[in-house]
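I have placed the structure first, in the form of structure tokens, so that the comments after it can refer back to it.
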Amino acid sequence: MAIIEIEQPKAEEQHSEPVRVRGLPFFPHFLLREVVVMCLIGGSLLLLASYYPAGLLSPADPFTTPTPIYPEWYFLYVFGFLKFWTFDLGPIPAKIIGVTVPMVLWYGLLILVPFIDRNPSADIRNRKIAVALGVIALLGILFFTYYGIVHGE
Amino acid sequence: MPEQLEVSMTIYDKIYKWLDDRFKLRELLPSIVKHPAPEYAVSNPLYCLGGTAFLCFLILVITGIFLAMYYKPTPDEAYKSVQNIMTAVPMGSLVRSTHHWAANTMIAAVMLHMIRIYFMGAYKKPRELNWVVGIFLLLTVTTFGFSGYLLPWDQLSFWATKIGTGIAGSLPVIGGYISLLLMGGNDIGADTLTRFFAIHVLILPIAIATLLGLHFIMVRIQGISGRL
Ligand code: HEM
Chain H
288 MAIIEIEQPK AEEQHSEPVR VRGLPFFPHF LLREVVVMCL IGGSLLLLAS YYPAGLLSPA
348 DPFTTPTPIY PEWYFLYVFG FLKFWTFDLG PIPAKIIGVT VPMVLWYGLL ILVPFIDRNP
408 SADIRNRKIA VALGVIALLG ILFFTYYGIV HGE
Chain Z
44 MPEQLEVSMT IYDKIYKWLD DRFKLRELLP SIVKHPAPEY AVSNPLYCLG GTAFLCFLIL
104 VITGIFLAMY YKPTPDEAYK SVQNIMTAVP MGSLVRSTHH WAANTMIAAV MLHMIRIYFM
164 GAYKKPRELN WVVGIFLLLT VTTFGFSGYL LPWDQLSFWA TKIGTGIAGS LPVIGGYISL
224 LLMGGNDIGA DTLTRFFAIH VLILPIAIAT LLGLHFIMVR IQGISGRL
């Protein structure tokens, strides 16, 4: 028979909490607030759903292309970039750049963000470069989204 | 326990005691129940965005299960089954539209959540890996949207998917495989629809459940970043 000993925290250890956090205890205060916010969001979704029901066009027809067609709004920037980039770079055809940059390169860059930005400060005043790059990226996404809308097929 | 104490216990006390005797709630619960939500996070609505995305996810699971009970993933039946949901099934229109709005809201919330993480520098040590998991969540969520878009099999679904698979298919090296894998052939047809359905209701839900599990465990272990 095996006996397992589990160390119980000593009484004095329980009292000397090293970091004191000001805040709401999860139950009931925080949970109550969460439930209220959840009801508000859920209610808004129900309202939206009843006033603006999901659409349904005519059945899919592989032989008639409707115009204009757009992808979902969160893919518009990919679509927009593809329309925007029309020039070959040396041996690389424009289309390859048009699809690779917004999908592979962009996501690769996003994954690497914490490893590229080695600045330990989280204070926005000490992160001028990161903030500037972030704003440029946001404006870029917005611009290509707009471009995608204007140049829909 | 003395007799009179037992009598004065409410039904909740009794249930609690019954469970406590078996699962040591006394030791387990305080760490959950008393765990403080830090003030800087409670007082700033920007910290709500992750939770909003998660709430949308829960709503999507529930409404999605109901839709799956009426939806038929074949080219002949898909459109008719969605039409049936919209016109004949009780509350069908509300359930489908809520699924639609929750999906779009979730994607918006995830993007804004990510923007908050970026500008607050919340991805910095020790949270690098949670950012990486987050990017995979972003990919999963947008793929959810992409695969769901085809399912109603109307003109918009069909042609938007045509553009989407076309773009994915022209990626160098892997593009051909991706488009074959997605479409199950050279064009969008019955195979594509069943594949997108399987991706939407089986593969992606498993993927997102795993990623969300990792994401939340890491948040719990590392705490919410903020001014100390
Ligand atoms: C399905 C999508 C997602 C859900 C449901 C989700 C949920 C959450 C929640 C509830 C938190 C706690 C703090 C807060 O809400 O702000 C959190 C924290 C965090 N999330 Fe997400 N998230 C998602 C996607 C993402 C994405 C796309 C990223 C970034 C690429 C990300 C990165 C992070 C990081 C780094 C933290 C820790 C932040 C901190 O400690 O301040 N998450 N997430």
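Chains H and Z are the protein sequences, given in the same order. Heads up: the first sequence begins at 288 in this note's numbering, then just goes up one per residue. Heads up: the second sequence begins at 44 in this note's numbering, then just goes up one per residue. All C-beta atoms, glycine included, are put in the ideal place defined by N, C-alpha and C.
Cα-Cα separation between residue i and residue j, rounded to whole angstroms
| i | j | result |
| --- | --- | --- |
| residue 53 of chain Z | residue 63 of chain Z | 15 Å |
| residue 359 of chain H | residue 397 of chain H | 21 Å |
| residue 191 of chain Z | residue 51 of chain Z | 55 Å |
| residue 429 of chain H | residue 151 of chain Z | 14 Å |
| residue 96 of chain Z | residue 378 of chain H | 43 Å |
| residue 273 of chain Z | residue 328 of chain H | The shown model of chain Z, from 44 to 271, leaves out residue 273 of chain Z, and the question about it has no answer. |
| residue 399 of chain H | residue 157 of chain Z | 14 Å |
| residue 295 of chain H | residue 70 of chain Z | Reliability of the predicted coordinates at residue 295 of chain H is poor, the pLDDT of 48 falling under 50, and the value obtained from them is presented with this limitation in mind. For residue 295 of chain H and residue 70 of chain Z, the distance between alpha carbons rounds to 11 Å. |
| residue 372 of chain H | residue 85 of chain Z | 44 Å |
| residue 106 of chain Z | residue 146 of chain Z | 11 Å |
| residue 357 of chain H | residue 228 of chain Z | 23 Å |
| residue 432 of chain H | residue 383 of chain H | 19 Å |
| residue 241 of chain Z | residue 109 of chain Z | 16 Å |
| residue 435 of chain H | residue 189 of chain Z | 17 Å |
| residue 419 of chain H | residue 234 of chain Z | 46 Å |
| residue 116 of chain Z | residue 231 of chain Z | 13 Å |
| residue 55 of chain Z | residue 269 of chain Z | 38 Å |
| residue 153 of chain Z | residue 163 of chain Z | 15 Å |
| residue 325 of chain H | residue 144 of chain Z | 15 Å |
| residue 413 of chain H | residue 83 of chain Z | 20 Å |
Residue-chain proximity (residue i, chain Z), Cβ-Cβ < 8 Å
| i | result |
| --- | --- |
| residue 373 of chain H | no |
| residue 328 of chain H | yes |
| residue 400 of chain H | yes |
| residue 377 of chain H | no |
| residue 382 of chain H | yes |
| residue 344 of chain H | yes |
| residue 301 of chain H | Because residue 301 of chain H carries a pLDDT of 48, less than 50, the predicted location of this residue cannot be relied on, and the following value inherits that uncertainty. By this cut-off, residue 301 of chain H is not an interface position. |
| residue 333 of chain H | yes |
| residue 311 of chain H | yes |
| residue 414 of chain H | yes |
| residue 432 of chain H | no |
Cut-off 8 Å between Cβ atoms - residues of its own chain near residue i, not counting five sequence neighbours on either side
| i | result |
| --- | --- |
| residue 273 of chain Z | Here chain Z has residues from 44 to 271 only, and residue 273 of chain Z is not among them. |
| residue 211 of chain Z | 218, 221, 222 and 225 |
| residue 113 of chain Z | 124, 127, 128, 132 and 135 |
| residue 254 of chain Z | 176, 179, 180 and 183 |
| residue 261 of chain Z | 170, 172, 173 and 176 |
Below-8 Å beta-carbon distance, residue i vs any chain H residue
| i | result |
| --- | --- |
| residue 109 of chain Z | no |
| residue 104 of chain Z | no |
| residue 243 of chain Z | no |
| residue 98 of chain Z | yes |
| residue 163 of chain Z | yes |
| residue 144 of chain Z | yes |
| residue 228 of chain Z | no |
| residue 176 of chain Z | no |
| residue 115 of chain Z | no |
| residue 197 of chain Z | yes |
| residue 129 of chain Z | yes |
Same chain only: Cβ atoms within 6 Å of residue i, ignoring 5 sequence neighbours per side
| i | result |
| --- | --- |
| residue 174 of chain Z | 166 |
Proximal residues to residue i (C-beta, below 7 Å), its chain only, five neighbours per side dropped
| i | result |
| --- | --- |
| residue 159 of chain Z | 89 and 92 |
Near the ligand SAH: residue i beta-carbon under 7 Å from a heavy atom
| i | result |
| --- | --- |
| residue 268 of chain Z | Judged by which ligands are present, the ligand SAH is missing from the structure shown, whose ligands are the ligand HEM. |
Is it true that the region 134-146 of chain Z meets the region 328-336 of chain H, where meeting means three or more beta-carbon pairs spaced less than 8 Å apart? Contact between the region 134-146 of chain Z and the region 328-336 of chain H is present, because at least three Cβ pairs lie under 8 Å.
On the three-pair Cβ rule with 8 Å, is the region 348-356 of chain H touching the region 195-202 of chain Z? Enough Cβ pairs lie closer than 8 Å, so yes.
Kindly confirm or deny that the region 71-81 of chain Z and the region 307-323 of chain H touch, where touching means at least three C-beta pairs closer than 8 Å. Yes, they touch.
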